[in-house]
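So the mapping is simple: this note's numbering equals the position in the sequence shown, first residue as 1, plus 90.
Here a beta-carbon is modelled for each residue, glycine too, at the ideal position from N, C-alpha and C.
Read through the structure below, which is laid out as structure tokens, and then see the notes.
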Amino acid sequence: MTRMPPLPDATRIGAVHLVVADLARSLGYYRDAIGLQRLDAAADGADRGVPLGIGGEPLVVLHPRPGAAPVGRAAGLFHLALRLPTRRDLAAAIDRLARQGTRIDGAADHLVSEAIYLTDPDGHGIEIYRDRPREAWPVEGGRLRMDSLPLDLDGILAELGRPGPEARAAASPPAGAPATLPLGTDLGHVHLRVADLDASEAFYLDRLGFEITHDQPNYLQVHFGAGPELAFMAHAAEGPLKGPFMKP
91 MTRMPPLPDA TRIGAVHLVV ADLARSLGYY RDAIGLQRLD AAADGADRGV PLGIGGEPLV
151 VLHPRPGAAP VGRAAGLFHL ALRLPTRRDL AAAIDRLARQ GTRIDGAADH LVSEAIYLTD
211 PDGHGIEIYR DRPREAWPVE GGRLRMDSLP LDLDGILAEL GRPGPEARAA ASPPAGAPAT
271 LPLGTDLGHV HLRVADLDAS EAFYLDRLGF EITHDQPNYL QVHFGAGPEL AFMAHAAEGP
331 LKGPFMKP
């Protein structure tokens, strides 16, 4: 098979579309907890979904489907990743989530980025992260070196101008204070769980023109366009591919 040439640098990821069982519940979560803005005043979003984003740019589109079952561990979306412009922006997001009592499932220092992980009410995974400067990314053998190390939470919260423990104990912000993610937030990557990693690698590299950024057993990260920070990631999983937009 002739391999597709690399995708153009201008290629970008569009919004992620999610099926949700309760639109009001999901709107509340993505708007009030995550910090996205609703971009469409449509009443129910039944036909084309309800877009949310920042600065008029849609990042997530919610499609209501009453009775939809929570997302399980079958192949499909593992998480969508919202990338923030600065470390201080990540600190502000963590601070806001903590004040609201929103559950944070995990956190990690990946050497190229610092990230926290959440799960929405329908079981969709969410990563909120910031990239380190590209010139600081470790490279071995022409590919990125990544890891999952403990996150320096106190160091991140100190970006708010207070030591970490003081940041956690500080008084709540005034009522009506902005609670949205900053301008410049984008969809940094999409992480998929796949049943056959080799088949996925062949499809995305040979047929779509992606290029490998990082790989290890049961894990593959590929990129397209201007840089590896715009990445599609996949790792091995059990179960057939299923989803609301898949035809039988």
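Quick check on the burial criterion: 16 or more other C-beta atoms within 10 angstroms. Buried or exposed for PRO264? Mapped onto the sequence shown, residue 264 falls at position 174. Because the pLDDT at PRO264 is just 43, under 50, the model does not fix this residue reliably, and the point stays unresolved.
So what's ILE246 in DSSP terms, helix, strand or just coil? Within the sequence shown, the letter at position 156 stands for residue 246. Helix at ILE246.
Pull up the DSSP beta-bridge partners for ILE144, would you. Counting from one through the sequence shown, the residue named residue 144 turns up at place 54. BP columns for ILE144 point to GLU147.
Rounding to the nearest angstrom, what Cα-Cα distance links ASP199 and ARG283 in this structure? In the sequence shown, counting from the first residue as 1, residue 199 sits at position 109. In the sequence shown, counting from the first residue as 1, residue 283 sits at position 193. Approximately 21 Å between the Cα atoms of the pair.
Those residues which DSSP pairs with GLU230 across a bridge: What you label residue 230 is simply residue 140 of the sequence shown in a count that begins at 1. DSSP links GLU230 through a beta bridge to ARG233.
Between SER238 and the rest of its own chain, which residues show a CB-CB distance below 8 Å, the 5 nearest in sequence each way excluded? Position 148 of the sequence shown, counted from the first residue, corresponds to residue 238. Answer for SER238: ALA198, ASP199 and HIS200, listed in chain order.
Going by C-alpha to C-alpha distance, which of GLU147, ARG115, ALA123 and ASP296 sits closest to ALA269? Along the sequence shown, read from residue 1 onward, the residue named residue 269 stands at position 179. Minimum Cα distance to ALA269 is reached at ALA123.
In angstroms with no decimal places, state the Cα-to-Cα distance between PHE293 and ARG138. Stepping through the sequence shown from its first residue, residue 293 is reached at position 203. Stepping through the sequence shown from its first residue, residue 138 is reached at position 48. Near 29 Å, if we compare the C-alpha coordinates of ARG138 and PHE293.
Helix, strand or coil at ARG128 [DSSP, three-state]: On the sequence shown, position 38 is the one that residue 128 refers to. DSSP places ARG128 in strand when its eight states are reduced to three.
Considering only the beta carbon of each residue, do ASP212 and VAL110 sit closer than 7 Å? Taking the first residue of the sequence shown as position 1, residue 212 is located at position 122. Taking the first residue of the sequence shown as position 1, residue 110 is located at position 20. Yes.
Tell me whether ASP221 is buried or exposed, calling it buried when 16 or more other Cβ atoms sit within 10 Å of its Cβ. As a working mapping, residue 221 is identified with position 131 in the sequence shown. Buried.
Taking only the alpha-carbon atoms, compute the straight-line gap between GLY266 and ARG93 and give it to the nearest angstrom. Taking the sequence shown and counting its residues from 1, the one referred to as residue 266 is at position 176. Taking the sequence shown and counting its residues from 1, the one referred to as residue 93 is at position 3. Because GLY266 sits at a pLDDT of 42, beneath the cut-off of 50, its placement in the model cannot be relied upon, and the point is left open.
Output the distance between the C-alpha atoms of ASP286 and ALA164, rounded to the nearest integer angstrom. Locating residue 286 in the sequence shown gives position 196, counting from the first residue. Locating residue 164 in the sequence shown gives position 74, counting from the first residue. Each residue's Cα considered, the two are about 12 Å apart.
Kindly indicate which three-state DSSP category ARG121 falls into: helix, strand or coil? Within the sequence shown, residue 121 is the residue found at index 31, counting from 1. Helix at ARG121.
Taking all protein chains shown into account, do 16 or more other C-beta atoms lie within 10 angstroms of the C-beta of GLY278, making it buried, or fewer, making it exposed? What you label residue 278 is simply residue 188 of the sequence shown in a count that begins at 1. It is buried - the Cβ of GLY278 has at least 16 other Cβ atoms within 10 Å.
Using a Cβ-Cβ cutoff of less than 6 Å, which residues in the same chain neighbour VAL151 once the five nearest sequence positions on both sides are dropped? Sequence index remark: in the sequence shown, residue 151 carries index 61 (1-based). Answer for VAL151: ALA105, HIS107, GLY139 and PRO141, listed in chain order.
Compare the Cα-Cα distances from GLY274 to each of GLU291, LEU180 and SER116 and report the closest residue. Counting from one through the sequence shown, the residue named residue 274 turns up at place 184. Measuring from the Cα of GLY274, the nearest candidate turns out to be LEU180.
Short check: CB of GLY125 to CB of LEU243, under 7 Å? For the purposes of this step, residue 125 is taken as the residue at position 35 of the sequence shown. For the purposes of this step, residue 243 is taken as the residue at position 153 of the sequence shown. Taking 7 Å as the Cβ cut-off, GLY125 and LEU243 do not qualify as a contacting pair.
Taking only three categories from DSSP, how would you classify PHE168? Your numbering for residue 168 matches position 78 in the sequence shown. Correct three-state label for PHE168: strand.
Simplified DSSP state of ARG220, which is helix, strand or coil: Counting from 1 along the sequence shown, the entry for residue 220 is found at position 130. Reduced to three states, the DSSP call for ARG220 is strand.
Per-residue DSSP class, three states only, for ARG173: What you label residue 173 is simply residue 83 of the sequence shown in a count that begins at 1. Looking at ARG173 - three-state DSSP - the assignment turns out to be strand.
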